[in-house]
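Colleague: In terms of the working numbering, the sequence shown has 346 at position 356, counting the first letter as 1, and numbering is strictly consecutive.
Ideal Cβ positions, reconstructed from N, Cα and C, are used throughout, including at glycine.
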Amino acid sequence: MLPSFFESVLQLIVRTSTDLPPDVRAAMKTSLVAEPEGTRASQALTIIAQNIDLAVDTEGAICQDTGMPTFEIKVPLGANQIWMRQQIREAVAEATRRGKLRPNSVDSITGKNSGDNLGPGTPIIHFDQWEKDTIEIKLILKGGGCENTNAQYSVPVELPHLGRADRTLEGVRKCILHAVWQAQGKGCSPGAVGVCVGGDRTSGYLHAKEQLFRSLDDVNPDPRLAELESSIMGTVNNLEIGAMGFGGKVTLIGCKIGALNRLPASFFVSVAYDCWAFRRLGVELNAKTGAIEHWLYRDPSSPIIPMLDQAGFTRTGREVVLKAPISDETIRSLKVGDVVMVSGRMFTGRDAVHSHLMKHDPPVDLRGSVLYHCGPVVVKEGESWRVTAAGPTTSIREEPYQGEIIKRYGVRAVIGKGGMGAKTLAALKEHGAVYLNAIGGAAQFYARSIKKVDDVSLLEFGTPEAMWHLTVEDFPAIVTMDAHGNSLHKDIEQESGQHLEAIGV
Ligand code: SF4
């Protein structure tokens, strides 16, 4: 068979997970320059830039959520696709063993994580044939936080702040603007959208995701869609959602639109949202050996230019140090906008832990504790564990449980990203707790704040869902919901809704 095929696919996976392509880096650099120094958005983008550099330097996952591996492959006539599929699956399992991919494949009936990213439907592998005598493999790693912000519209539809979207390009424009507004910071903005106009519900989403394989700096060959893309990019950043939904000038770094024919009765607009950790790469392989002939999206002769040419996140001296157990008095002294540095003990907990805590006592005393919404990448080294990637996960998923858990167990600080809703906000006020927004996707940056894994509970849920007991030092985050009823997320959503009304007409 092809002796180098497995190694080439493994290289592609590792590189995609650890090294952002030049077009995304350039867009993120432009975003960083656009935000005035000292603003929340600028602080967030500085941490993101530092994280991108750290990931390359250490060959670590850029974000702990390495997403759903999706391969788009073109092969010459006669290529053995059955063998290739098997090799790709083995390369995915090997990359998972090496900690470059997080185990992300969960049995939807039992909730059990397969542990190697293999299972029904994972990874996604699409084959096509072409007339060339080389093999092209493109890979995208798109995480759950941004996947959850995808949106599909059946037009005509009434949209909040925008009115009716008709079956016209203006209607399509409204749908895209609405999808970006609705995502706020939950998909780790600034993001990029791939859009499909038309198709059916299934092909629409697929084609929308395929648009994300286009380079951010290309120009749509269809002049009507090119104009729509540039009109979206010309107006969407006026929404002032900004990095992580903190408010700011850059909300979107790319908009790529395709179109498919539709049934006369249907008109879907499908929007695939990808985060700043926009991990997609590709290779062209020799069809006889499977060796990499060249990389797509990057010029291998060009060196990787670091995102930052000075120190990354720097302290202003106004940061508040938080160390668990935290008192009611300390928590109530915090207000929205404060930057905190968390040190000491922290527990992770996300979907499975929250659902467990609704029915069972916690495995540890949570009074005065810091609960981190995080599904880390953790590797076992002898008898101990080491966290290799540990950014925050999207907190809104825990909204049905969080208030009750704060009340029952006395949690004082919840760390996550994207903010939480009215129930949690009320519980923060009533029971004396805060919500701290960490920078989504900054998995390498935060992994360096984790000094030790002290223990683990509920490991039967799989490594991303277990409750890890961590010792952290100088873990920075921003108070975005305080114990006085204030929420930055609520404010930005309202203000950006008003901007939407102004630009959508
Ligand atoms: S950067 Fe954010 S949205 Fe993207 S994969 Fe990571 S956690 Fe998910």
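Is the separation between the beta-carbon of residue 431 and that of residue 52 shorter than 9 Å?
Modeller: yes
Colleague: Smallest Cα separation from residue 188: which of 145, 153, 204?
Modeller: 145
Colleague: Check for me: the beta strand (DSSP E) holding residue 406 runs from which residue to which?
Modeller: 403 to 406
Colleague: Could you tell me which residues DSSP pairs with residue 465 in its beta bridges?
Modeller: 332
Colleague: What's the C-alpha gap between residue 55 and residue 377?
Modeller: 13 Å
Colleague: According to DSSP, is residue 489 helix, strand or coil?
Modeller: helix
Colleague: Taking 8 Å as the cut-off, does the stretch 160 to 168 touch the stretch 309 to 318 (at least 3 CB pairs, one atom from each stretch)?
Modeller: no
Colleague: Just curious, the beta strand (DSSP E) that residue -5 is in, first and last residue?
Modeller: Run containing residue -5: none in the beta strand (DSSP E); it sits in the alpha helix (DSSP H), -5 to 8.
Colleague: What did DSSP end up calling residue 481 once you bin it into helix, strand or coil?
Modeller: DSSP places residue 481 in helix when its eight states are reduced to three.
Colleague: How about residue 24 and residue 240: do their beta carbons lie closer than 9 Å?
Modeller: yes
Colleague: With 16 as the cutoff for other CB atoms within 10 Å, does residue 97 come out buried or exposed?
Modeller: exposed
Colleague: Ignore the nearest five residues each way along the sequence and tell me which others in residue 341's own chain have a CB closer than 8 Å to its CB.
Modeller: 387, 388, 455
Colleague: Taking Cβ to Cβ, would you say residue 273 is nearer than 9 Å to residue 183?
Modeller: No, Cβ-Cβ distance for residue 273 and residue 183 is not below 9 Å.
Colleague: Cβ-heavy atom distance between residue 453 and the ligand GDP below 8 Å?
Modeller: In the structure on display, the ligand GDP does not appear, and the ligands it does have are the ligand SF4.
Colleague: Out of 218, 343, 351, 397, state which residue places its alpha-carbon closest to the alpha-carbon of residue 385.
Modeller: 343
Colleague: Short of 8 Å in beta carbon distance, which residues of its chain neighbour residue 397, apart from the five on each side in sequence? Order them along the chain.
Modeller: 417, 420, 421
Colleague: Measure the beta-carbon distance from residue 204 to residue 6 and round it to whole angstroms, keeping in mind my assumption that it falls under 8 Å.
Modeller: Not a contact, Cβ separation roughly 16 Å.
Colleague: Can you tell me whether residue 352 is buried or exposed? The criterion is at least 16 other CB atoms within 10 Å of its CB, across all chains shown.
Modeller: buried
Colleague: Taking only runs of the beta strand (DSSP E) that begin and end inside the stretch 184 to 266, which ones reach a length of at least 3 residues, in chain order?
Modeller: 242 to 250, 258 to 264
Colleague: Out of 408, 217, 167, 459, which one is the CA nearest neighbour of residue 488?
Modeller: 167
Colleague: Applying the 10 Å Cβ sphere with the 16-neighbour rule, what's the burial state of residue 198?
Modeller: buried
Colleague: Verify whether the separation of the beta carbon atoms of residue 172 and residue 247 is less than 9 Å.
Modeller: no
Colleague: Could you give the uninterrupted runs of the alpha helix (DSSP H) lying entirely in the stretch 114 to 166, keeping only those of 4 residues or more?
Modeller: 134 to 137
Colleague: Kindly indicate the opening and closing residues of the beta strand (DSSP E) around residue 379.
Modeller: 374 to 379
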